[in-house]
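Numbering (our numbering), first residue to last: 6 to 512. Reviewing the structure listed below.
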């Protein structure tokens, strides 16, 4: 999904030293962009959009970036001194994410040959400071990367930002569909949808389950059979599930029908994310002659759709659904991610941990082993029935989980580094799960999350670190707190209080 996207590179300079230095600036800029693309570190191609030397040139390229759907952000670099007042109008117009690269064409000073012409031309050392000043004066949100443009560490920082910028662009036309309402009386999954669209870009709509049932009625038997065969090919399972005469096969059939109905509805509406609610699943009486509805919450459908990139939130949690879509988008090609819920605690000294699970909806992208398709009874919500799901445990390893909460006067992103550890078998709990220790340890990590107002739902990935979420929070202009190996409760409390004052004064 990155192949049709672009990052625009804009170089700053001026005509003070004549046309020949500008020609050199152009040559250096093109060589750098070509080299960065050839390095293969960035997932999004960089496109050189010229060297700007006037207020009108700058404003023109910024407006063009705003209008170009392929452009997900701009990298600026001041090769030589670019007087910052001429950047004012352009920066005021820019609506795309900005990365300011503080670098230099040459790695080292040519001590023996450097003359005044060389020094006048290669002025990033103070040209970038001039540009940085005006960005700060204008309160422009941006990422600043400092380092030599050929160094892998520099390119990796730009790569993080580029993935986040791509996901941010994706969120700006994201439609989240709520099949049914939120779970009654739950505070944390609710929030201000208007404020979310203003701040974060995505739009949240309600879709009556009765409307979804119209798609369910239209699902063709041959399509269901084809998908059921796909399940049996992809996942381990008991052979008796393949017998059409069994109740287990019927449950798998129902799960496939639910997946096809939800996918068709989402595709028709152009939605990228959705929520479900176990209290709203169609006609109430599952034994009625004219029953039309899901046999239970569509857990298997949700698991598989998450793996394809659809955002998902349980119990109507639209903020988690949108955040998971963003996480999946920037995580493409990097490893597993999933929507998860804090379920139960395991006190075991230094290994005290939290079991992450849900009734059914955990994404198989984080599975350590091949998922197993199973059918079991689920006695929660409006239905109490047998239903299909994928069962697995997550692979061990370091990861990061995140959530966004609505505090009324602002959104806060809470990020926690975690360590997934091996789980013991759960023979009586046939669900997908992960077991993790929140950093820096269970006591501090869980305590800080609670103090920050963190949700019981979060979006987890192994390779999307807090650096990614910091870039996301910067683009969105929202608060972020990071719970990590260095966190202490006293200092974390201070951070929360300082943030309260900051946002009170700047609301």
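Just so it is clear, CB atoms sit at the ideal spot from N, CA and C, and this is done for glycine as well. Predicted model only: the values in this text are computed from it and were never measured.
is_contact[residue i, chain C] using C-beta, thresh 8 Å
| i | result |
| --- | --- |
| residue 36 | Protein chain content of the structure displayed is limited to a single chain, and chain C is not contained in it. |
Run of the alpha helix (DSSP H) containing residue i, from where it starts to where it stops
| i | result |
| --- | --- |
| residue 95 | 93-98 |
| residue 345 | From DSSP, residue 345 is part of no alpha helix (DSSP H) but of the beta strand (DSSP E) over 342-351. |
| residue 37 | 24-44 |
| residue 478 | 471-481 |
| residue 202 | 198-205 |
| residue 596 | In the structure as shown, the chain starts at 6 and stops at 512, and residue 596 therefore has no counterpart that could be examined. |
Supposed contact pair residue j and residue i - C-beta distance, whole angstroms, cut 8 Å
| i | j | result |
| --- | --- | --- |
| residue 63 | residue 12 | At roughly 17 Å, the Cβ-Cβ gap does not stay under 8 Å, so residue 63 and residue 12 are not in contact. |
| residue 279 | residue 184 | 6 Å |
| residue 380 | residue 253 | 4 Å |
| residue 146 | residue 482 | 6 Å |
| residue 416 | residue 204 | 6 Å |
| residue 277 | residue 180 | 6 Å |
| residue 441 | residue 359 | 6 Å |
| residue 425 | residue 400 | 7 Å |
| residue 83 | residue 40 | Actually they do not touch by this definition, with Cβ atoms about 18 Å apart. |
| residue 525 | residue 246 | One cannot answer for residue 525 here, as it falls past the ends of the chain, which runs 6 to 512. |
| residue 457 | residue 494 | Wrong, their Cβ atoms sit about 11 Å apart, outside the cutoff. |
Opposing strand residues paired with residue i [DSSP bridges]
| i | result |
| --- | --- |
| residue 221 | The partner list for residue 221 (beta bridge, DSSP) is empty, contrary to what the question assumes. |
| residue 148 | 104 |
| residue 395 | 378 |
| residue 407 | 420 and 464 |
| residue 402 | 425 |
| residue 443 | 423 |
| residue 358 | 351 |
| residue 287 | 298 |
| residue 4 | Since the displayed the chain opens at 6 and closes at 512, residue 4 lies outside it and no answer follows. |
| residue 242 | 378 |
Three-state secondary structure assigned by DSSP to residue i
| i | result |
| --- | --- |
| residue 50 | strand |
| residue 368 | coil |
| residue 1 | A question about residue 1 goes unanswered here, because the residues of the chain that appear run from 6 up to 512. |
| residue 237 | helix |
| residue 128 | coil |
| residue 303 | coil |
| residue 438 | strand |
| residue 183 | strand |
| residue 210 | strand |
| residue 495 | helix |
| residue 76 | strand |
| residue 113 | coil |
| residue 2 | Limits of the chain in this structure are 6 at one end and 512 at the other, which puts residue 2 out of reach. |
| residue 118 | coil |
| residue 12 | strand |
| residue 545 | Any answer about residue 545 is impossible in this case: the structure gives the chain only from 6 up to 512. |
| residue 84 | coil |
| residue 56 | strand |
| residue 17 | strand |
| residue 383 | strand |
| residue 138 | helix |
| residue 71 | helix |
| residue 412 | coil |
| residue 329 | helix |
| residue 154 | coil |
| residue 248 | coil |
| residue 6 | coil |
| residue 5 | Outside the shown range of the chain (6 to 512) lies residue 5, about which nothing can therefore be said. |
| residue 232 | helix |
| residue 189 | coil |
| residue 431 | coil |
| residue 451 | helix |
| residue 61 | helix |
| residue 339 | coil |
Opening and closing residue of the beta strand (DSSP E) in which residue i lies
| i | result |
| --- | --- |
| residue 462 | 462-466 |
| residue 320 | No beta strand (DSSP E) holds residue 320; DSSP gives it neither H nor E. |
| residue 488 | 484-488 |
Residue i CB to nearest heavy atom of the ligand ATP below 7 Å
| i | result |
| --- | --- |
| residue 422 | This structure lacks the ligand ATP, and indeed carries no ligand of any kind. |
Checklist entry - Hey, which unbroken runs of the alpha helix (DSSP H) at 4 residues or more fall wholly within the region 251-283? => result 252-274
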